[in-house]
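Chains as they are written, first to last, in this note's numbering: chain G, 1 to 292; chain D, 293 to 765.
No residue lacks a Cβ here, since even glycine has one placed at the ideal position from N, Cα and C.
This is the structure:
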């Protein structure tokens, strides 16, 4: 029982991290029907920027460095949209593959520019917040929990209750109709990609100190599979679903690690894919997702 | 976490052998561990042997001059049955080339200029001693970026220009990969630590450092001596067959000593989250963390604040400086580092000038002169890696001298076979054994390093330089 309780708690702690990254994925997908892999590496780049800003000779304090990093990530996300705009009429899968190419290009640039060595990042808030059973919840993970839940709800309301949000949703369904209505489609699109990149960058900046260090392609390597799984499980069109999906994936993964991980390497990956399979068989649009 | 130490260890061993008198117990192959430390009085700088063992610091002779090698081998060696594709690749009328893959960058780097791995020493040999039998020696060090494909690429680049001897500094995966490459290419490959189990049965490689099995046996003995057998031991290791043999040896040795090994946990090489690991480590007092620098950093960042065991490992590498900087101040860690020379346990520490009473004081002065004259970088400030490079290179130098004015690879291999439990003119008194059978090891000493104030140090605050000179198993 002790092992089960600790596995669930560890799952919640880790699942919050996946949910936060999944939020960025779901946001962009909800508005564009594109899985934007590039935002993961925009986020890793933002980690390097924050690291450079907080190190000598700049020695900028963490909080302003993070704000600057987020702003730059937002611009980079918007730039991605502009770069991929020629593909706006192409099939969504084509655009998704293009973002994958962009992601690996950014990763390669990181290796060349910064080398493969790991770097720690200073935390916004460091230290342990509390311990439940034997699982420590450091402030990074607690922040991830709070922010994912809060942002998920806030963005849900944004899309449901604001004109701009409705415009974002409409853009995903029919660009031309949106343009005919006089809605500035490009502005809507840039907003979406920028916000997605900023969300993922925020997740990275909170989680890198909690995990320990980062390296090139860090966000992709650390979070892509579980976060994508969280987005699928929660529902690719549901922002609160990203949070729920993250928790489900985190718990499934840790149950596998706690019970099988000592002797069976990779058990957690099998658990993640089993969770995806099970949920999608029972609810094809995810736990909280639905056709937009 | 493995390293350049191998390269260095090999030659460090070779070179340190010269001029060294070793007690009969070692020569006779006594299987007891000689657990000795060289103790320096911090006030007077005198060597104080307060932990007498069979290896008495007073028995240590001079390292000896490079030229004092004895007769060269002019005998004819039959190369008709040679196992090598070429006997003299890398040798011309004017030049001998040796070539190494080294982790200048990567997960566990030694970020030195490539010439600091050996060429600086051979610049001295070439310019002041006229080379080796009139040939200039080139020592190429190529960055393998600490990954197997990078190591093979480095060796391929070596092969494109030809090398007499190929070296592998460190990195289990890299060494295993290149040992198999050497087998395909039929070239001699000297390399650092890995498991005997990994590449036993190959014919073109020589372990130049203690194998993982041996290091882990030593580690177990040291830990039990230091912490006792009533504490609980455990292991976290990378889920890789290359890491398994060492851990099996660790557990077996602990069991033999009556200590309890409670848990062995496997993690993936790219694992990032470790809550389950800490759950399973609960109650373990001493943890053998046989993983990678990245995993060390991430584990320590995620460790519950109330869990503070002793962390230990074998063969950490320069990348551990990055690890040390990232670890919490309260982290307790003691590790083995075996790139130092064998037999007389010579060391050099950058921060502290060696006391004159140190038996190898003169050798360090010579090292400093050579390094500062020939190092590629302005105002060089050598560190312990540089000293190991120096000693290793001296070993290569002696090897090449011993191989004679017409060296061949078969002669080289015969030399290694001859270094068994007897004093030789190249390695007087130090029976370093570099034979190619599966159960042999070369290095005889490891350095014990402890984490103090975010720095790996051999200075435990009371003037002790901690080395463990051990007999081989």
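| Counted within 10 angstroms of its Cβ, other Cβ atoms place residue 619/D as buried (16 or more) or exposed | Position 327 of the second chain, counting from 1, holds the residue named residue 619/D. By the 10 Å Cβ count, residue 619/D comes out buried.
| query | Taking 7 angstroms as the cut-off, is the CB of residue 269/G close to at least one heavy atom of the ligand MG? | reply | With respect to the ligand MG, the structure offers nothing, as it holds no ligand at all.
| request: For residue 397/D, go through chain B and note every residue whose CB falls closer than 8 angstroms to its CB, in chain order. | output: Reference to chain B is not applicable here, since the protein chains of this structure are G and D.
| field | Residues, ordered as in the chain, of the segment 206 to 220 of chain G that lie near chain D by beta-carbon distance below 8 angstroms | value | Taking 8 angstroms as the Cβ-Cβ cut-off against chain D, the residues of the segment 206 to 220 of chain G that qualify are 209, 210, 211, 212, 213 and 215.
| field | the segment 252 to 271 of chain G: positions lying closer than 8 angstroms to chain D by Cβ | value | Hits within the stretch, in order: 254, 257, 258, 261, 262, 263, 265 and 266.
| Does any CB atom of chain D fall closer than 8 angstroms to the CB of residue 4/G? | Against the first chain, residue 4/G aligns to sequence position 4. For residue 4/G, the answer is no, since every Cβ of chain D falls outside 8 angstroms of its Cβ.
| message | Run through chain G and tell me which residues come within less than 7 angstroms of residue 572/D, C-beta to C-beta. | response | Taking the first residue of the second chain as 1, we reach residue 572/D at position 280. What residue 572/D touches in chain G: 262.
| Quick one, are the C-beta atoms of residue 538/D and residue 508/D less than 8 angstroms apart? | As a working note, residue 538/D is residue 246 in the second chain. As a working note, residue 508/D is residue 216 in the second chain. Yes, the pair counts as a contact, with Cβ atoms nearer than the cut-off.
| field | Local Cβ density within 10 Å of residue 381/D, reported as buried at 16 or more and exposed below that | value | Translated into positions along the second chain, residue 381/D becomes position 89. With 16 or more other CB atoms across the displayed protein chains lying within 10 angstroms of its CB, residue 381/D is buried.
| field | When 387/D, 414/D and 601/D are compared against residue 683/D, the one with the closest alpha-carbon | value | As a first step, residue 683/D must be located in the second chain, where it is residue number 391. Of the listed residues, the one whose Cα sits closest to residue 683/D is 414/D.
| message | Which of the three DSSP states is assigned to residue 508/D in this structure? | response | Residue mapping note: residue 508/D aligns to position 216 of the second chain, counting from 1. Looking at residue 508/D - three-state DSSP - the assignment turns out to be helix.
| field | Touching by the beta-carbon criterion (3+ pairs, under 8 angstroms), the segment 379 to 393 of chain D and the segment 412 to 427 of chain D | value | They touch, by the three-pair rule.
| What is the DSSP secondary structure of residue 350/D, counted as helix, strand or coil? | The residue you call residue 350/D lines up with position 58 of the second chain. Note on residue 350/D: pLDDT 27, under 50, position unreliable in the model; no value is reported.
| message | Please classify residue 357/D as buried or exposed, where buried requires at least 16 other C-beta atoms within 10 Å of its C-beta. | response | On the second chain, position 65 is the one that residue 357/D refers to. Only weak support is given to the placement of residue 357/D: the predicted model assigns it a pLDDT of 29, under 50, and the value that follows is read from those uncertain coordinates. Per the 10 Å Cβ criterion, exposed.
| Within 8 angstroms (strictly less), CB to CB, does residue 135/G reach chain D? | By one-based count along the first chain, residue 135/G stands at place 135. Yes, its Cβ sits closer than 8 angstroms to a Cβ of chain D.
| request: With 9 angstroms as the limit, tell me which residues of the segment 51 to 67 of chain G have their beta carbon closer than that to any beta carbon of chain D; keep them in chain order. | output: For the segment 51 to 67 of chain G, which is checked against every Cβ of chain D, not one residue is closer than 9 angstroms.
| chain D contact residues for residue 13/G, given Cβ-Cβ distances below 8 angstroms | In the first chain, the residue the question calls residue 13/G occupies position 13. Within chain D, the residues whose beta carbon sits less than 8 angstroms from that of residue 13/G are 567, listed in sequence order.
| query | How many whole angstroms separate the CB atoms of residue 604/D and residue 580/D, which I take to be in contact at a CB cut-off of 8 angstroms? | reply | Locating residue 604/D in the second chain gives position 312, where the first residue counts as 1. Locating residue 580/D in the second chain gives position 288, where the first residue counts as 1. With a Cβ gap of about 6 angstroms, residue 604/D and residue 580/D count as contacting.
| field | Sufficient close CB pairs (3 or more, under 8 angstroms) joining the segment 196 to 206 of chain G to the segment 23 to 38 of chain G | value | Short answer: they touch.
| message | Could you tell me the alpha carbon to alpha carbon distance between residue 374/D and residue 702/D, rounded to whole angstroms? | response | For this step, residue 374/D is matched to residue 82 along the second chain. For this step, residue 702/D is matched to residue 410 along the second chain. Answer to the nearest angstrom: the Cα atoms are 6 angstroms apart.
| Under the rule that 16 or more other beta-carbon atoms within 10 Å means buried, what is residue 324/D, buried or exposed? | Within the second chain, the letter at position 32 stands for residue 324/D. Bear in mind that a pLDDT of 26 at residue 324/D, under 50, signals an unreliable position, so the number given afterwards is only what the model happens to contain. So residue 324/D ends up on the exposed side.
| request: Hey, could you find the ends of the beta strand (DSSP E) residue 586/D is sitting in? | output: For the purposes of this step, residue 586/D is taken as residue 294 along the second chain, with counting starting at 1. In the DSSP annotation of this structure, residue 586/D is not part of any beta strand (DSSP E); the continuous alpha helix (DSSP H) holding it starts and ends at 585 to 594.
| field | Length of the line joining the Cα atoms of residue 402/D and residue 490/D | value | Locating residue 402/D in the second chain gives position 110, counting from the first residue. Locating residue 490/D in the second chain gives position 198, counting from the first residue. Their Cα atoms are separated by approximately 25 angstroms.
| query | Does residue 589/D have its Cβ less than 8 angstroms from a Cβ in chain G? | reply | Here residue 589/D refers to the residue found at position 297 of the second chain. So yes, residue 589/D belongs to the interface.
| message | If we define contact as Cβ-Cβ less than 8 angstroms, is residue 562/D a contact residue for chain G? | response | For this step, residue 562/D is matched to residue 270 along the second chain. So, interface residue.
| message | Would you say residue 120/G lies against chain D (beta-carbon separation less than 8 angstroms)? | response | For the purposes of this step, residue 120/G is identified with residue 120 of the first chain, where counting begins at 1. Yes, because at least one Cβ of chain D sits closer than 8 angstroms to the Cβ of residue 120/G.
| Going by the CB atoms, is the gap between residue 662/D and residue 118/G shorter than 8 angstroms? | Numbered from its first residue, the first chain carries residue 118/G at position 118. Numbered from its first residue, the second chain carries residue 662/D at position 370. A distance of 8 angstroms or more separates the beta carbons of residue 118/G and residue 662/D.
| field | Closer than 8 angstroms at the beta carbon, the chain G residues around residue 437/D | value | Here residue 437/D corresponds to residue number 145 of the second chain, with the count starting at 1. Here the neighbours are 116.
| task | Between the Cα of residue 467/D and those of 570/D, 394/D and 431/D, spot the shortest distance and give me the residue it belongs to. | result | Within the second chain, numbered from 1, the residue matching residue 467/D stands at position 175. Across the set 570/D, 394/D and 431/D, the C-alpha of 394/D shows the shortest separation from the C-alpha of residue 467/D.
| Neighbourhood of residue 5/G by C-beta distance below 8 angstroms, restricted to the same chain and skipping five residues each side | Numbered from 1 along the first chain, position 5 holds the residue referred to as residue 5/G. Excluding its 5 nearest sequence neighbours in each direction, residue 5/G has C-beta neighbours in its own chain below 8 angstroms: 133, listed in chain order.
| In angstroms, rounded to a whole number, what distance separates the CA positions of residue 160/G and residue 13/G? | Position 160 of the first chain, counted from the first residue, corresponds to residue 160/G. Position 13 of the first chain, counted from the first residue, corresponds to residue 13/G. In this model, residue 160/G and residue 13/G are separated by some 29 angstroms (Cα to Cα).
| query | residue 482/D lies in the alpha helix (DSSP H); which residues open and close that run? | reply | Taking the first residue of the second chain as 1, we reach residue 482/D at position 190. Looking at the DSSP string, residue 482/D is not in any alpha helix (DSSP H); the run it does join, the beta strand (DSSP E), is 481 to 483.
| task | Kindly give me the distance between the Cβ atoms of residue 38/G and residue 80/G, rounded to whole angstroms, as I take these residues to be in contact under 8 angstroms. | result | For the purposes of this step, residue 38/G is taken as the residue at position 38 of the first chain. For the purposes of this step, residue 80/G is taken as the residue at position 80 of the first chain. About 5 angstroms; that satisfies the 8 angstroms criterion.
| With 16 other Cβ atoms within 10 Å as the buried cut-off, status of residue 318/D | Numbered from 1 along the second chain, position 26 holds the residue referred to as residue 318/D. The pLDDT assigned to residue 318/D is 21, lower than 50, so where the model puts this residue is not dependable; a value taken from the coordinates is nonetheless given after this. Its Cβ being crowded by 16 or more others within 10 Å, residue 318/D is buried.
| Going along chain G in order, which residues have a C-beta closer than 7 angstroms to the C-beta of residue 557/D? | The residue given as residue 557/D occupies position 265 in the second chain. Here the neighbours are 262.
| request: Check the Cβ-Cβ distances between residue 616/D and every residue of chain G, and say whether any is below 8 angstroms. | output: For the purposes of this step, residue 616/D is taken as the residue at position 324 of the second chain. Under the Cβ distance rule, residue 616/D does not count among the residues neighbouring chain G, no pair being separated by less than 8 angstroms.
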